[in-house]
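Data first, discussion second: the structure below is written as structure tokens.
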Amino acid sequence: MEKMEHKTVSVNGIDMHIAELGQGPTILFIHGFPELWYTWRHQMVYMASHGYRAVAPDLRGFGDTTGAPVNDPSKFTMLHLVGDVVALIEAVAGPGEEKVFVVGHDWGAVVAWNFAMYRPDKIKALVTLSVVYTPRNPKVKPVDGLRAVYGDDYYICRIQEPGEVEAEFSKIGTKRVLKHFLTYRNPGPLYLPKGKAFGDDDNDPIVLPSWLTEEDVDFYSNKYEQTGFTGGFNYYRALNESWELSAPWTKDQIKVPVKFIVGDLDLTYNAPGTKDYIHKGGLKKVVPLLKEVIVLKDVAHFIHEEKPDEINKHIHGFFHQLSTGFSCCTL
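According to the working numbering, the sequence shown is numbered sequentially starting from -11.
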């Protein structure tokens, strides 16, 4: 970690902070919410030690990345987010390196899936964690569909009103909010009822799991104290606008080699219909180059932090196998 290099790169109208480690083929690690580049620390060290160059940005609206108008959710559509990633690759890729490996978790997985759809020419192979690719439904806007299934207290629905949840989180305290998110292990949906938030007494202690230290939470907390949560919330607030803009890609497929990994306690894996979609051929139809699906037992949403050794081996094994194949064939 002490050898990690940090720099700021001007891309797509913003100043993007990145962490970088190692030499070799580039792997771009894309974080989710409420994460930062730091969520990939275990993977970066491991992959750098195995001959790769690991690059992890703070995405638009997060951490030390600046320049995005956080008061305007319309500047956080999927086209903006993928545009940032494409520009970043062009800025940091090595000589002659037209394609990179990509790993994404949570919102980072959503960005990675869409990146693979919009610009497959930029990706050698993709590993996505926790959030499966869901094809665009041309008949239902995402937030409307979620509201119909889960109701108004579902966290994505609650986040839609600018400033409302931010005010509630301010009363709870940034560090406690982050502890709630990072330790969430309920395989059911996350609700944030008005005035009740996470539904516990603010004086009740939150016990951290063995894989998450107070120092880890402090790192996140210090950054979110500076930036607030609005930047991350804007990803949810732009969902319907992203849906509108993505109409040209309706019924398109993901056409890069993919490995998908999820924990069996992950709330996303336990969403209605998701298991059948993954295991009964639905995912394979829209991701024809899907090579493998891994379900880790007794693991929740933050899979790469909870089980870093296993995730590291899965990522390395997949990319190494495909790297040796690239010398003799085109994937």
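Every residue gets a Cβ at the ideal spot worked out from N, C-alpha and C, and that includes glycine.
Between V115 and I249, the gap from beta carbon to beta carbon is short of 8 Å.
Each residue's CA atom was taken as its position, placing I6 and F50 some 11 Å apart. The shortest CA-to-CA distance from V70 to any of I18, G84 and H38 is the one to I18. Just so you know, the alpha carbons of A113 and V98 end up roughly 15 Å apart. Under the three-state reduction of DSSP, V33 is assigned to helix. Inter-segment contact for the region 56 to 64 and the region 212 to 232 is present: three or more beta-carbon pairs are separated by less than 8 Å.
Only residues of its own chain outside the window of five on either side were considered, and among them Y138, Y142 and L255 have a CB closer than 7 Å to the CB of P177, listed in chain order. Under the DSSP definition of a beta bridge, E8 partners with E(-7) and V43. Setting aside the 5 residues that flank it on each side, I282 is surrounded in the same chain by K247, F248, I249, V250 and H302, each with a C-beta closer than 8 Å to its C-beta; the list follows chain order. The beta carbons of K127 and I111 sit no closer together than 8 Å.
If you look at G84, you'll find it isn't in any alpha helix (DSSP H); DSSP assigns it neither H nor E.
Unbroken beta strand (DSSP E) runs of no fewer than 3 residues, entirely contained in the region 217 to 298, are found at 246 to 251 and 278 to 284, following chain order. With respect to L180, R146 sits close: the two C-beta atoms are nearer than 8 Å.
When rounded, the separation of the alpha-carbon atoms in K268 and N258 is 15 Å. Contact between Y223 and W95 holds, since their C-beta atoms are separated by about 5 Å, short of 8 Å. The beta-bridge partner set that DSSP reports for D132 is empty.
Annotated three-state conformation of I194 is coil, per DSSP. Remark: C-beta atoms of T54 and D3 approach each other more closely than 8 Å. DSSP links Y179 through a beta bridge to Y142. In this structure, DSSP gives H19 a state outside helix and strand, which the three-state scheme calls coil.
Between V91 and I15 the beta-carbon gap is near 6 Å, inside 8 Å, which marks them as a contact. DSSP lists V(-1) as the beta-bridge partner residues of I2. Taking each of A100, L310 and V(-3) in turn and checking the Cα distance to V120, the smallest one comes out for A100. The C-alpha of L227 lies about 37 Å from the C-alpha of S37. Between the C-alpha atoms of S(-2) and T162 there is a straight-line separation of about 29 Å. For H93, the uninterrupted beta strand (DSSP E) run begins and ends at V88 to H93, by DSSP. In the three-state reduction of the DSSP assignment, L76 falls in the helix class. Between P45 and L76, the C-beta gap is smaller than 8 Å, which places the two residues in contact. Using a Cβ distance threshold of 8 Å, K243 and L277 count as a contacting pair.
Residue E85 holds the alpha-carbon nearest to the alpha-carbon of D109 among L117, N125 and E85. Sequence-distant partners of T171 (beyond 5 residues in either direction) whose C-beta falls short of 8 Å from its own C-beta, in its chain, are I194, V195, L196, P197 and L200.
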